[in-house]
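First comes the structure, then the notes that go with it.
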Amino acid sequence: MSVGDGTSLVPFLKYVCRLASAHVSHYDEQRTKGDVLGKATEVLEREHQVIQRAVAVMARIVEQLELKHSIDADILRELIRFMREFGDQCHHGKEESYLFPLLENKGVPPTGCPLAALKGEHVKGRQLTDDLAAAAVVYIANQENGRVHLIETLQGLIILYPAHIWKEEYLLFPMTGKVLSVNDDELLMQQFTVAESGLGLNAHGTYEALVDDLMRRVGECPQCSMEKLPR
Ligand SMILES: [Fe+2]
Ligand SMILES: [Fe+2]
Numbered sequence: 249m250s251v252g253d254g255t256s257l258v259p260f261l262k263y264v265c266r267l268a269s270a271h272v273s274h275y276d277e278q279r280t281k282g283d284v285l286g287k288a289t290e291v292l293e294r295e296h297q298v299i300q301r302a303v304a305v306m307a308r309i310v311e312q313l314e315l316k317h318s319i320d321a322d323i324l325r326e327l328i329r330f331m332r333e334f335g336d337q338c339h340h341g342k343e344e345s346y347l348f349p350l351l352e353n354k355g356v357p358p359t360g361c362p363l364a365a366l367k368g369e370h371v372k373g374r375q376l377t378d379d380l381a382a383a384a385v386v387y388i389a390n391q392e393n394g395r396v397h398l399i400e401t402l403q404g405l406i407i408l409y410p411a412h413i414w415k416e417e418y419l420l421f422p423m424t425g426k427v428l429s430v431n432d433d434e435l436l437m438q439q440f441t442v443a444e445s446g447l448g449l450n451a452h453g454t455y456e457a458l459v460d461d462l463m464r465r466v467g468e469c470p471q472c473s474m475e476k477l478p479r
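Mapping to my numbering: the sequence shown position 54 is 302, numbers consecutive.
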């Protein structure tokens, strides 16, 4: 194609304009149907925010452990329960049982990036949570023996989760918005509701309250308070 002759560009520009208008009209059509496309990924993003609060609890625990301050056994047990029940069962469950298979049905390759990589990180998250549970048992029995390994397992989760969430929010979910239709989004919302009903009444609210309570409790370290007292 010659760029020196303006008239020879006209068919190409018309072609580009046609492509662009087709692209815009596809998304306008989705948005004008009550602006409902993306509700399922919004649910997952809200859950990510709750998981990120649990990661902040872990970071606070690491700070305390590095100062050799004591961590209450119940805080560790409740944190592990949160990661298993909310992080894995509730959140990863929705992604692995419904979102990922639907994307595969729509032609997204099940191998490579992003789906296989994200599934691999879910497996790693489960393994690290099991490691955390084992490290917590040792720490609760003998704080000095278990402290370093507990710090290492927490650091593994602190590194994994924010990077995993970033990949989903900035790579997977924008792609999901292009691949799924409004009807697919509605189907996911129905499946998410069914999945959550299996976790019990107001499961979401209960887990959000749990992680907020953990943040409060880990912030009330008696040894930190003692060290701040004027001597
Ligand atoms: Fe995930
Ligand atoms: Fe996620």
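Ideal placement from N, C-alpha and C gives every residue a C-beta, glycine not left out.
Across the structure, Leu324 and Ile388 are spaced so that their CA atoms are roughly 9 Å apart. Beta-carbon to beta-carbon, Leu366 and His412 are separated by about 7 Å, close enough to satisfy the 8 Å threshold.
Distance from the Cα of Ala384 is smallest, within the candidate group Gln300, Met306, Ser473, for Met306. Contact between Leu419 and Leu376 is ruled out by a C-beta separation of about 22 Å, above the 8 Å threshold. Take the alpha-carbon of Pro358 and the one of Gly467: they are about 42 Å apart. Between the alpha carbons of Pro470 and Gly446 lies a gap of roughly 38 Å. In the three-state scheme derived from DSSP, where H, G and I count as helix and E and B as strand, Asn390 is classed as coil. Setting aside the 5 residues that flank it on each side, Leu351 is surrounded in the same chain by Leu363, Thr424, Val427, each with a C-beta closer than 7 Å to its C-beta; the list follows chain order.
At a threshold of 7 Å, His296 counts as near ligand 2, since its beta carbon sits closer than that to one of the ligand's heavy atoms. The C-alpha of Lys415 is placed about 23 Å away from the C-alpha of Asp378.
In this structure, Glu456 has its CB at a distance of at least 7 Å from all heavy atoms of ligand 2.
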